[in-house]
Every structure is written in structure tokens, then in C-alpha cells.
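Asker: One rule links them: number in this note's numbering = place in the sequence shown (from 1) + 1. Built from N, CA and C at the ideal position, the CB exists for glycine as well.
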Amino acid sequence: MQYFKKYFLVCFMLFCLGLTGFLSGSNIAKTEVKAEVETAKPQNLIEENAKLKGKFSQFEDMLSDKFVGKLAIVEKYGGFQRFLNKTMVDDPVTYRRVFKGDGGMLYYIIPEKDVNDEAVLAMKKLKEDIAVPIFCILPPNKNTKEKANLPNGVLDYSVLNENELYDRLSNIGIKTLSLSREYIKEKKSEKETFYMTDTHWRNETAFWAYQRSLKFLEKEMFVKFHNADKSNSLKNYKLEKFKGIYIGSMGKRVGKEYIEQKDDYTLIIPKFDTKYTYIKYDENYKVKSEKKGSFEEVFVNRWVISDKNEYTDKYITMMDYGAPYEVIVNDKIDAGVSLVIIRDSFAMPFSAYLASNVKHIYMFDTRYENIRRTLRKKIEEVSPDAVLLLCNSSSAYYFDDMFEF
2 MQYFKKYFLV CFMLFCLGLT GFLSGSNIAK TEVKAEVETA KPQNLIEENA
52 KLKGKFSQFE DMLSDKFVGK LAIVEKYGGF QRFLNKTMVD DPVTYRRVFK
102 GDGGMLYYII PEKDVNDEAV LAMKKLKEDI AVPIFCILPP NKNTKEKANL
152 PNGVLDYSVL NENELYDRLS NIGIKTLSLS REYIKEKKSE KETFYMTDTH
202 WRNETAFWAY QRSLKFLEKE MFVKFHNADK SNSLKNYKLE KFKGIYIGSM
252 GKRVGKEYIE QKDDYTLIIP KFDTKYTYIK YDENYKVKSE KKGSFEEVFV
302 NRWVISDKNE YTDKYITMMD YGAPYEVIVN DKIDAGVSLV IIRDSFAMPF
352 SAYLASNVKH IYMFDTRYEN IRRTLRKKIE EVSPDAVLLL CNSSSAYYFD
402 DMFEF
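Rendered as C-alpha cells:
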């Protein structure tokens with residue numbers, strides 16, 4: 002019976018692939034492809050290779066856009082992998098291979114020891130070039146147990162890389178808070194602190210990180226932040242829990258038939274009075290959107306939670322997708338601390354909580370080229386009290402150009 006099931010699944014997969022391939026081919030055949038007339042001229046091997054790669058890239062994009070039933074195929078393939086008890090689902094993008102650990106937790110891994118020397122040098126140079134202190138906050142890695150909960154034979158260097166990055170930043174005089182170390186001290190559970198199907202931390206963990214970071218910044222900056230006693234206690238917040246509504250980016254790559262369960266989501270909203278201005282800019286510093294109002298009015302996107310599609314990215318419920326440049330103004334504070342945050346996506350819920358204590362937050366996503374190029378000039382313009390690097394240590398590995406400022 003077991004072999005019959007496997008045989009049936011294989012036949013079903015082949016049938017689905019054949020059908021979707023036929024329908025996709027029909028779609029592609031109907032697609033109008035603009036003919037390109039080019040002037041013949043000699044090209045060297047590098048130019049020809051680049052041109053060929055461009056052609057293949059265009060074809061792959063068109064094929065992906067026209068592929069009928071793509072999500073259904075991903076789901077059935079994931080279900081087949083789960084049936085075979087596979088703990089790794091391969092991916093054309095090698096660093097997006099999904100691994101299944103204890104309890105069905107999904108992971109990406111860093112397959113090599115590489116701290117990114119250029120990133121450390123860039124931070125050292127930035128520290129030397131600007132006249133304000135720089136601090137670094139490293140969010141915890143999803144896999145904090147150094148391979149203990151990954152499949153046998155799978156090596157993940159994320160913990161080792163973060164430890165070395167922490168040491169290297171400390172050695173060049175950048176005070177750094179390793180939230181992974183705090184996480185391990187407090188014996189936190191990955192299942193309670195990270196989404197099972199996504200790479201990000203839960204809002205509860207982002208709030209915990211905010212609490213630890215506020216104490217760290219008060220100590221290092223010798224300041225008492227506005228409203229800290231009230232904003233730093235979870236009892237002054239309303240928690241709204243949504244059960245089983247979320248399949249994150251990792252789960253989307255393997256499909257809902259592979260995962261053990263959908264993720265819950267919790268909103269954490271202040272009970273105390275709040276008033277903010279929140280402005281998002283594009284890479285060229287043109288305004289994309291502006292919101293004014295309470296914490297919930299400016300930071301919470303209710304439409305995301307209301308969306309019944311489990312694949313809708315619920316992580317963007319807080320602050321939506323980040324913009325290249327963002328400004329948060331706490332309109333309840335007459336005068337107070339101003340911070341620049343150089344960030345990745347882990348900063349999104351975190352910075353909303355930190356905004357309770359800070360007059361101005363200026364957030365820069367240096368994965369955008371013009372943001373990197375203009376970073377020093379903009380820091381000089383806004384004249385912050387401190388610069389905060391807030392990004393997961395894996396960003397130094399995956400987004401090496403993020404630090405080319």
C-alpha cells in the first residue's frame with residue numbers, strides 16, 4: 002500500500018507538470034515578444050556572455066509569469082517531500098534551501114564561515130567619519146543552538162559568524178548588544194520567539210528586544226529616555242492574538258502541505274496615549290506616503306490581518322514593507338533623543354516600539370544604492386545623537402553590498 006501511494010503521487014506530479022506545462026506553453030505562445038533589431042558589431046567573449054545571460058533571464062522571468070498553477074505545483078511537491086520525510090527542500094536559489102528542524106521549525110542556513118571583512122571595515126570607516134557614537138544591535142539568530150536542531154550532517158555557521166562579528170565590532174570600538182546571548186541566557190524557546198514558517202522574529206520577541214535595547218542605550222548614551230517606565234512594560238499594552246493565519250516566506254517556498262502548522266500572529270498595541278508622524282521616502286528621498294495619528298493609526302495595517310489568504314505576508318502588518326528612507330516623529334515629545342537606524346527588515350516592529358521614547362528616528366535601508374551613496378551626507382544633515390546599526394548578522398553574509406557606504 003505504501004508503494005502504491007508513492008507511485009500514485011509520482012504519477013500525479015507528472016500529470017500536473019504536463020498539464021501546467023501545456024497551459025503555460027500556450028500562454029507563452031500568445032505573448033507578444035518585441036523583436037530587437039541590432040546593429041552587427043564585433044563583441045568580445047565577456048560582452049557576448051553578459052548578453053546571453055540577459056536573454057536567459059528575460060526568458061525565465063516570462064516563463065515564471067506565465068506558468069499556470071505554479072503555487073499548486075509548489076504545494077504538491079512540498080507534500081510529496083513531507084510524505085518522504087525529507088528534512089530539506091531544494092531551491093534554485095541555493096541559500097534559500099529550506100531545512101526542517103525539531104518540531105517542524107523551518108530554517109535557512111549560512112553554509113560557510115564568513116563574517117564579511119568589508120562590512121566590518123565599512124563600519125570602522127563610518128565610525129571614523131562621523132562625529133556621533135555608533136552602536137550595534139544584533140537580533141538573535143533563528144537557529145541559536147548551533148546545529149542541535151537541524152538535520153544530521155547540516156552545518157550552519159550563522160551562530161559562529163555572529164559571535165565573530167560581535168568580537169570584531171567590539172574590537173574596533175563599536176559597542177554591540179548581542180541579543181542572541183541574552184536569548185540564550187534567558188533560555189528562550191525558538192518556537193515561541195520566531196515564526197515557524199518565516200525567517201523573522203515574532204512581535205513579542207521584537208518587543209523583548211526593544212526592552213533589552215532600551216536599557217543598553219540608556220547605559221551607553223548616559224540618557225534617560227522619555228516615557229521609558231511606561232513603554233517598557235508589557236502590562237501597558239493590549240495584545241490581540243490571531244490563531245493559525247500565517248504562512249511566512251519559508252513556508253511559501255515549500256507550500257502549505259509541507260509545513261507542520263500555520264503560524265499565529267500577535268499585535269501589541271499601547272494602552273497609553275500616542276501621537277506620531279510617519280513618513281516614507283523612495284531611494285531619491287521623494288515622499289511616498291505620510292501618516293499622522295496614534296500608534297495603531299500609523300504603524301498597524303489592519304487589512305493585512307483581515308486578508309484570508311494565508312500566504313499574505315502578515316509580518317508587514319506592522320509598518321508595512323519598509324522604504325529606502327523613513328522618518329518617525331513622536332509628536333508627544335517636545336524635545337528629546339534623535340537616532341539614525343541603519344537597518345534590515347528586523348527593524349520594522351522594533352522601531353515602532355522604540356518610537357515611544359525617541360523624538361526622531363531616521364531609518365536608512367542601505368540595500369539601496371543611492372541610500373548608501375548619500376548616507377554620510379544625510380547623517381550630517383539630521384544631526385542625530387547616535388547611529389544604530391540594527392540588522393541580523395546574516396545580512397552581512399547575504400547582502401554584502403548593504404555595507405558599501
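For Cys137, which residues does DSSP report across the bridge?
Answerer: Answer is Thr177 and Leu390, bridged to Cys137.
Asker: What does DSSP give as the partner residues of Phe195 in its beta bridges?
Answerer: Bridge partners of Phe195: Trp202.
Asker: Given a threshold of 16 other Cβ atoms within 10 Å of its Cβ, counted over all protein chains shown, does Ser467 qualify as buried or as exposed?
Answerer: Nothing in the structure corresponds to residue 467, since the chain is present only between 2 and 406.
Asker: Quick check: the stretch 95-113 against the stretch 239-259, are at least 3 beta-carbon pairs closer than 8 Å?
Answerer: Enough Cβ pairs lie closer than 8 Å, so yes.
Asker: From the DSSP output, which residues share a beta bridge with Ile306?
Answerer: Answer is none; Ile306 lacks a bridge partner.
Asker: Could you name the residues of the same chain whose beta carbon sits closer than 7 Å to that of Tyr259, not counting the 5 residues immediately before and after it, in chain order?
Answerer: For Tyr259, where only same-chain residues beyond five positions count, the Cβ hits under 7 Å are Gly79, Gly80, Gln82, Arg83 and Val90.
Asker: When burial is assigned at 16 or more other CB atoms within 10 Å of the CB, is Gly256 buried or exposed?
Answerer: The residue in question, Gly256, is buried, as its Cβ has 16 or more Cβ neighbours within 10 Å.
Asker: Note down, in chain order, each residue of its chain lying with its Cβ closer than 6 Å to the Cβ of Tyr316, except the 5 sequence neighbours on either side.
Answerer: So the list reads His201, once near-sequence residues are dropped.
Asker: Please list, in chain order, all residues of the same chain as Tyr312 whose beta carbon is under 6 Å from its beta carbon, the five residues on each side excluded.
Answerer: Result list for Tyr312: Ile248 and Lys253, in chain order.
Asker: Three or more C-beta pairs closer than 8 Å, one from the stretch 275-286 and one from the stretch 212-225: is that the case here?
Answerer: No: the two stretches stay apart, fewer than three of their Cβ pairs being nearer than 8 Å.
Asker: Apply the 10 Å Cβ neighbour rule to Cys137 and answer buried if 16 or more other Cβ atoms are within range, or exposed otherwise.
Answerer: So Cys137 counts as buried.
Asker: How would you write the range of the beta strand (DSSP E) that Glu311 sits in, first residue to last?
Answerer: From DSSP, Glu311 is part of no beta strand (DSSP E); its letter is neither H nor E.
Asker: Using beta-carbon positions only, say whether Met364 and Met319 come within less than 7 Å of one another.
Answerer: Their beta carbons are not under 7 Å apart, which means Met364 does not touch Met319 by this criterion.
Asker: If we ignore side chains and look at the alpha-carbon of each, how far apart do Ser427 and Phe243 end up?
Answerer: Residue 427 lies beyond the range of the chain shown here (2 to 406); nothing can be said about it.
Asker: Give the secondary structure of Tyr363 by DSSP, where H, G and I count as helix, E and B as strand, and everything else as coil.
Answerer: Tyr363: strand per DSSP, three-state reduction.
Asker: What residues are listed by DSSP as bridge partners for Thr267?
Answerer: Lys242, per the DSSP bridge assignment.
Asker: Can you name, in chain order, every residue of its own chain whose Cβ lies under 6 Å from the Cβ of Glu241, other than the five neighbours on each side?
Answerer: Same-chain partners within the cutoff: Leu268.
Asker: Count the other C-beta atoms from every protein chain shown that fall within 10 angstroms of the C-beta of Leu389, then say buried if there are 16 or more, exposed otherwise.
Answerer: Leu389 should be labelled buried.
Asker: What number of angstroms, rounded off, separates the C-alpha of Asp230 from the C-alpha of Asp264?
Answerer: One C-alpha to the other measures close to 31 Å.
Asker: Within a Cβ cutoff of 8 Å, which residues of the same chain sit near Asn144, ignoring the five residues on either side of it in sequence?
Answerer: Excluding sequence neighbours, Asn144 sits near Gly102, Tyr108, Ile110, Asn150, Leu151, Asp157, Ser159, Val160 and Glu191.
Asker: Does the separation of the CB atoms of Thr177 and Tyr184 fall below 7 Å?
Answerer: Not closer than 7 Å, so no.
Asker: Under 7 Å between the Cβ atoms of Phe400 and Arg373?
Answerer: Result no, Cβ atoms of Phe400 and Arg373 do not sit closer than 7 Å.
Asker: So if DSSP puts Ser290 in a beta bridge, which residue, or which two residues, is it bridged to?
Answerer: Beta-bridge pairing links Ser290 to Lys281.
Asker: Measure the CB-CB distance between Ser181 and Asn142 and report whether it falls below 7 Å.
Answerer: In this structure, Asn142 lies closer than 7 Å to Ser181 by Cβ.
Asker: If I'm right that Ile280 touches Glu291 with Cβ under 8 Å, what's the distance once you round it to whole angstroms?
Answerer: With a Cβ gap of about 5 Å, Ile280 and Glu291 count as contacting.
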